[in-house]
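If you read the sequence shown in our numbering, its first letter stands for residue 2, the second for the next number, and so on.
Okay, so here's the structure we're looking at.
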Amino acid sequence: MNYVAAENLTKSYGIKTLFKNISFNINEGDKIAIVAKNGSGKSTLLKILMGKEIADSGSVIINKDIQVVLFDQEIDFESDLTIEEFMMTLDSAPILALKKYHHA
Numbered sequence: 002m003n004y005v006a007a008e009n010l011t012k013s014y015g016i017k018t019l020f021k022n023i024s025f026n027i028n029e030g031d032k033i034a035i036v037a038k039n040g041s042g043k044s045t046l047l048k049i050l051m052g053k054e055i056a057d058s059g060s061v062i063i064n065k066d067i068q069v070v071l072f073d074q075e076i077d078f079e080s081d082l083t084i085e086e087f088m089m090t091l092d093s094a095p096i097l098a099l100k101k102y103h104h105a
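Written out as structure tokens, the structure reads:
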């Protein structure tokens, strides 16, 4: 089953082109990752898929049973902690497993 189909998406801000003519499909069972430099348009692409931004050109078709969700990338970070210390304050399943491993 095809969940998402994007065809020839282009998005620019002023003279900066974030992406040009990108096309992809996301199908049932696919595992995907969007990896790129900061400021290259990853969040913008997801916002386009969610319908919160409009591409300059191209089209997006999303299966009616699918909802695209973007979790905010801004977190409340205590600056007096190291990244490792901060991560260990979280209660997600991977962090809890890591804590259990360290205490074993």
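Just so you know, even glycine gets a beta-carbon here, dropped at the ideal spot from N, CA and C.
Just so it is clear, the structure is predicted and the values come from calculations on it, not from any experiment.
Residue range of the alpha helix (DSSP H) that includes residue i
| i | result |
| --- | --- |
| Ala-94 | 94-104 |
| Met-88 | 84-88 |
Sequence-distant residues of the same chain with beta carbon closer than 6 Å to residue i, five excluded per side
| i | result |
| --- | --- |
| Val-5 | Ile-27, Ile-63 |
| Val-69 | Leu-50, Met-51 |
| Met-2 | Glu-29 |
| Ile-23 | Leu-10 |
Contact under 9 Å by Cβ, residue i with residue j
| i | j | result |
| --- | --- | --- |
| Leu-10 | Ser-41 | no |
| Leu-106 | Ile-35 | Residue coverage of the chain in this structure runs from 2 to 105, which leaves residue 106 outside it and unanswerable. |
| Leu-99 | Thr-90 | no |
Exposure label - residue i; buried when at least 16 CB within 10 Å
| i | result |
| --- | --- |
| Ala-56 | buried |
| Phe-25 | exposed |
| Leu-12 | It is worth fixing the name first, because residue 12 is Lys in this sequence and not Leu. Classification for Lys-12: buried. |
| Ala-7 | buried |
Which full runs of the beta strand (DSSP E) of 3+ residues lie inside the region 13-61, going along the chain? 17-28
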